[in-house]
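Take a look at the structure below.
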Amino acid sequence: MANDVILKVQNLDKSFGGLHAVDNVTFEVPQGFIKAVIGPNGAGKTTLFNMIAGTFAPDSGLVTLKDKVLTGLRPYQVAELGVFRTFQNLKLSSHMSVLDNVLLGRHTAGTAGFISGMLSLKKSRIEESDAREKVLEILEWLNITEIMNKEVGNLSFGKQRSVELARLLAADPEVLLLDEPAAGLNMHETDEMASLIVKIRDQGRTVLLVEHDMSLVMDISDEIVVLNFGQKIADGTAASVQNNREVIKIYLGGEDD
Amino acid sequence: MTSEQILQYIFSGITVGSIYALVAIGYNIIYNTTGIINLAQGEFVMLGGMIAFSLSQIMSLVPAVVLAVLITGAVGSLIEIVIIRRMKKSSVLGMIVVTIGISIIIREIALFIWDEQIRALRFFTGNEISSIDIFGARISPQVLWIVGVTALIVIALYLFFRFTLTGQAMRACSSNTRAAKLCGIRTSQMVNLSFMLAAGIGALGGCLVSPLTQTHYAMGSELAIKGFIVAILGGLGNPMAAVAAGLLLGLIESFSISFLPMVYKDVISILILLVILVLKPSGLFGSRQTSSLKDF
Amino acid sequence: MKLKRYYPIVLLAGVLVLIQLLTLITGTAYYLTQLTMAAYYVVVAVGLSMVMGYAGQISLGQAGFFAIGGYTTAVLTTIDLTKQINRPFFAFLDNIGLLVHKVTLYGDAIVHLTPWISFILALILAGIIAYAIGVPVLRLKGHYLGMATMGFGIIIYRIVLGTHIFGEADGISNVPAFPILPGITIGGDFSIRVINYYAAWFFVILAMVLLLNLINSRTGRALRSLHSGEDAADAMGVNTAQYKVKVFVIGAVFAAAAGVFITHYNGGIGPSESSVTKSVRYVAIVAVGGMANLWGVLIMGLVLNFLSLRGLFGVYDDAVFGIILVVIMMFFPDGLFQPSSLNRIKRILRGK
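Here is the structure:
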């Protein structure tokens, strides 16, 4: 089945002072695929991610979503187009409840503004109850309904990860950018995360993830991009990447996490 | 404007600018070791002048000034121990608010001790009417004291931070606290020292300027703001740049009187602050990249 | 619509009525004056709580917006238009009932603009200025933001202190009362003291309702997420720059509105209302009330302002707020009404 390309990265380049973090990287992500970006520490994965998400602009190059240009957009604009990301070190509002955190995910689905909110106009109220409904569904799906009203700051890391994922799903993303989703998780939790990501993909979404955990990557990725020193070394199916001589050299040549 | 007038403005600008510079240096010293901006800095200047005034009633000028500086330094140290030290995990807002609170408390204590009267320290040499003629401008000898001592302080600080062990230890604390600790530097001592130093320098400035601009219990807040403006103007964390920035602001304010009503004099410095903050928060002499890394 | 969140408002209303009846019974109706003024200051504080507590921005210049409100209405309602009344523009205003004809205590007939116009203009002006300042300044963070807002407040202070039209050091007096509705006039006359008390607190309740609604809405949630850092909000599609400015404008408009009403209530305004000291007070009240705790801020605002206005702190009024700031930030950074702080107080009282 030929999938259309949904996300295209073309000749992306970024330097910080003397450090060439991302060096002319090009790859495509077909719609409905799970694509992983791997590479040793310092390979430029996070920088690449940040540029796709709009955190900062590349020095040169282009990122397109279908036919829309993402480069140069601010992060919130990227989100409005349906591309949502997670953060390695979780950026949840620790003083808010789980429910409120996940409800934030519904932000782009609504349009009620300040005036509407302050006056509690009908539109605002309808949007609120709709949002709540959706969020409750998601909380159930992820099995975290019991902690709905708990303050996020009091939860374990694993549970916080689930909340972040819930928030992401609440946004009904077309493309998910997952920044090290298995970081800090034990083996069991990593397995759960892996099957979760697959389920999410099966809902018709596209996933681009950065990850160090090779078992997760090899398990679920449809395609893998390998970076080293900012350059793309390999790009293909898990099997082809595993057999790629360059990749093997990088990982067995003493350069590991 | 005649050349005498211009000279007059210049000297007046340098005088005021020196004090701004001293306050700004105090900010920078504390900021460098702790990352805190101590908005009570202006009160140290006020305390210096007030304490010296009271002491000078019972002793001669020099010991009065010396004691005033030491006492104020002790106050600075006390503030650090009692209050600042306990605020380890505070937010930036918390620190700002606490130092504002401290400045209010100091001010009110000063009000209680010295009430609202304006006090003035004796002129170091000469008196209110003595003046020195420099190229046609008549300036008080106190101006020479102010400029001279400020220059000495700046040089002494430069030497201290560059060449003494303690000074270098303080600089080490500012760049990397953990590394400093690992080297055996007692960072808490350095922090305390920085408060003492900043307070003492401020106090000395207060003594210097008291004969000319007089000392009033409420003068601290304006100085705090001006000093902050100068510190930002020069680039936060850069004591030498603070001197240049202080003189610059002093001169700008001084010359502004010639075309603006006096009341708007402060508006100029604040407008400068706002413009700098919006356009180049790293200050005139700071680097854009390092300042964007600073976590405010 | 969650009615639960409005229960405290009913409680508040009940308490207010109770207080008023108490003053009636005990013959201490003069307390109502300070309670009325405290109400207006509370409106400033809860607006600031939105900006500082919920959205996590630092504003040390709120008194500036308060003064913009107060001075705008003071200036516009004290200009005597008797001589201009024949000019077409003013004659038109008169025809549509926007001018007020009065006879002063001294028997002079004067004509001035109706306070409704000056009220609306004051809010618009405050909003515009807040927007103009907010856009560049709210990009800053931490100390820079704090000092920039403080700088704004100082500029306002210097302007009103040094400009003739604002009365310089004496401020503006003889500001007429504000008849907002038939039968309800905001003014200092003793005969309408009770009405003013209820009107002021109604204003507070209105503000609380608006803010409580906001907090629990989509935009409110986005604002609250700003508090712990903007990255997450950005990633979820929140235009953080715009939101920061908007909440700043809301806070400014609240402050300006309060400024308008107090000015009419007191019959005047002075430069001290825009001073840094006042701004610091608002911050102190928000801090001790718990930053993001509207009810805590309301209670502390009421108590502290009332006591201050009654002169309880005497000449050490400023010192008290200074001490409060230091003590709260040192020991109760979450404000007095959070569980962590209450526990701490309990432990201290038990002798630790």
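Protein chains in written order, with the working numbering: chain A, 2 to 258; chain B, 3 to 298; chain C, 11 to 362. Ideal Cβ positions, reconstructed from N, Cα and C, are used throughout, including at glycine.
Should residue i be labelled buried (16 or more other beta-carbon atoms within 10 Å of its own) or exposed?
i, result
"V290/C", "buried"
"L359/C", "exposed"
"I106/B", "buried"
"G248/B", "buried"
"L295/B", "Annotation note: pLDDT 47 at L295/B (below 50); position unreliable, coordinate value reported separately. When all chains shown are included, L295/B counts as exposed."
"L28/C", "exposed"
"H189/A", "exposed"
"M157/C", "buried"
"R231/C", "buried"
"P174/A", "buried"
"F102/C", "exposed"
"H108/A", "buried"
"E240/C", "buried"
Mapping the DSSP letters down to three states, classify residue i as helix, strand or coil.
i, result
"G237/A", "strand"
"S294/B", "For S294/B, the pLDDT reaches just 49, beneath the cut-off of 50, and the residue's location in the model is therefore unreliable, although a value from the coordinates is still provided. Here S294/B sits in helix by DSSP."
"N229/A", "strand"
"I111/B", "helix"
"D173/A", "coil"
"G80/A", "A small fix is needed here, since residue 80/A is Ala in this sequence, not Gly. Reduced to three states, the DSSP call for A80/A is helix."
"V70/A", "strand"
"F85/A", "strand"
"F125/B", "coil"
"E118/B", "coil"
"D257/A", "Unreliable placement is indicated for D257/A, whose pLDDT of 47 sits below 50; the coordinate value is still reported in the next sentence. Note: D257/A maps to coil in three-state DSSP."
"S105/B", "helix"
"S121/A", "coil"
"P189/C", "strand"
"T195/C", "strand"
"K160/A", "helix"
Taking the beta strand (DSSP E) that residue i belongs to, which residues open and close that run?
i, result
"G62/A", "61-66"
"M10/A", "According to the sequence displayed, residue 10/A carries Val and not Met. First-last of the beta strand (DSSP E) with V10/A: 6-17."
"H153/C", "First-last for H153/C: 152-172, but that is the alpha helix (DSSP H), not the beta strand (DSSP E)."
"H21/A", "20-31"
"A139/B", "139-141"
"V208/A", "207-211"
"L123/C", "119-123"
Which residues in chain C sit within 9 angstroms of residue i, going by Cβ to Cβ distance?
i, result
"M97/A", "R231, R234, S235, H237, S238"
Just to make sure I have the definition right: I need the residues of chain B whose C-beta is within less than 8 angstroms of the C-beta of residue i. Which are they?
i, result
"P343/C", "S92, S93, G96"
What does residue i reach in chain C if we use C-beta pairs closer than 8 angstroms?
i, result
"E81/A", "G247"
"S216/A", "Correct list: empty, because the minimum Cβ distance to chain C is about 27 angstroms."
"E129/A", "N226, S227, R228"
"L66/A", "Within chain C, no residue comes near L66/A; the closest Cβ sits about 14 angstroms away, beyond 8 angstroms."
Which residues mark the beginning and the end of the alpha helix (DSSP H) in which residue i is found?
i, result
"N315/C", "304-319"
"H237/C", "From DSSP, H237/C is part of no alpha helix (DSSP H); its letter is neither H nor E."
"D203/A", "188-203"
"A23/B", "5-36"
"D365/C", "It is not possible to answer for residue 365/C, since the shown part of chain C is limited to 11 through 362."
Starting from residue i, find everything on chain A with Cβ-Cβ shorter than 9 angstroms and list it in chain order.
i, result
"I130/C", "None at all; the shortest Cβ gap to chain A is about 16 angstroms."
"I19/C", "None at all; the shortest Cβ gap to chain A is about 13 angstroms."
Just the chain B side, please: which residues come within less than 7 angstroms of residue i by C-beta, in chain order?
i, result
"M60/C", "Correct list: empty, because the minimum Cβ distance to chain B is about 15 angstroms."
"P146/C", "V280"
So residue i contacts chain A; which residues on that side make the cut at Cβ distance below 8 angstroms?
i, result
"K256/C", "F115"
Residue i touches chain B at which residues, Cβ-Cβ below 9 angstroms?
i, result
"G332/C", "I102, G103, I104, S105, I106, I107, I108, R109, E110"
"L346/C", "Per Cβ cutoff of 9 angstroms: no residues; L346/C is ~15 angstroms from chain B at best."
*the stretch 233-254 of chain C: which residues have C-beta closer than 8 angstroms to a C-beta of chain A, in chain order?*
Going along the stretch 233-254 of chain C in chain order, one finds R234, S235, H237, S238, G239, D241, A242, A243, D244, A245, M246, G247, V248, N249, T250 with a Cβ nearer than 8 angstroms to chain A.
*Looking at chain C, which residues of the stretch 109-141 of chain B have a Cβ within less than 7 angstroms of any of its Cβ atoms?*
Answer set for the stretch 109-141 of chain B: E110.
*Could you please tell me which residues of the stretch 205-231 of chain C, in chain order, have their CB closer than 8 angstroms to any CB of chain A?*
Those residues of the stretch 205-231 of chain C that come within reach of chain A (Cβ to Cβ, closer than 8 angstroms) are L220, L221, N223, L224, N226, S227, R228, T229, G230, R231.
*Report the residues of the stretch 150-161 of chain C with a CB closer than 9 angstroms to any CB of chain B, ordered along the chain.*
Residues L150, K151, G152, H153, Y154, L155, G156, M157, A158, M160, G161.
*Under 7 angstroms (Cβ pairs) to chain B, residues found in the stretch 297-330 of chain C*: Of all residues in the stretch 297-330 of chain C, A297, Y326, D328, A329 have a Cβ within less than 7 angstroms of some Cβ in chain B.
*Within 7 angstroms of chain C by C-beta, residues of the stretch 100-119 of chain A in sequence order*: Listed by position, the residues of the stretch 100-119 of chain A near chain C (Cβ gap below 7 angstroms) are D101, L104, L105, G106, H108, T109, G111, A113, G114, F115, G118, M119.
*Give, in chain order, every residue of the stretch 169-180 of chain C whose Cβ lies closer than 9 angstroms to some Cβ of chain B.*
Going along the stretch 169-180 of chain C in chain order, one finds I169, L171, G172, T173, E178 with a Cβ nearer than 9 angstroms to chain B.
*Which of the residues in the stretch 196-209 of chain A, read from start to end, lie with their CB under 8 angstroms from any CB of chain C?*
Those would be none; no residue qualifies.
*Which of the residues in the stretch 261-282 of chain B, read from start to end, lie with their CB under 7 angstroms from any CB of chain C?*
Residues of the stretch 261-282 of chain B with a C-beta atom less than 7 angstroms from some C-beta of chain C are P263, V265, Y266, D268, V269, I272, L275, L276, L279, V280, listed in chain order.
*the stretch 276-296 of chain C: positions lying closer than 7 angstroms to chain B by Cβ*: Listed in sequence order: V286, V290, V293.
*Interface residues of the stretch 165-193 of chain A facing chain C [CB-CB below 8 angstroms]*: The residues in question are R168, A172.
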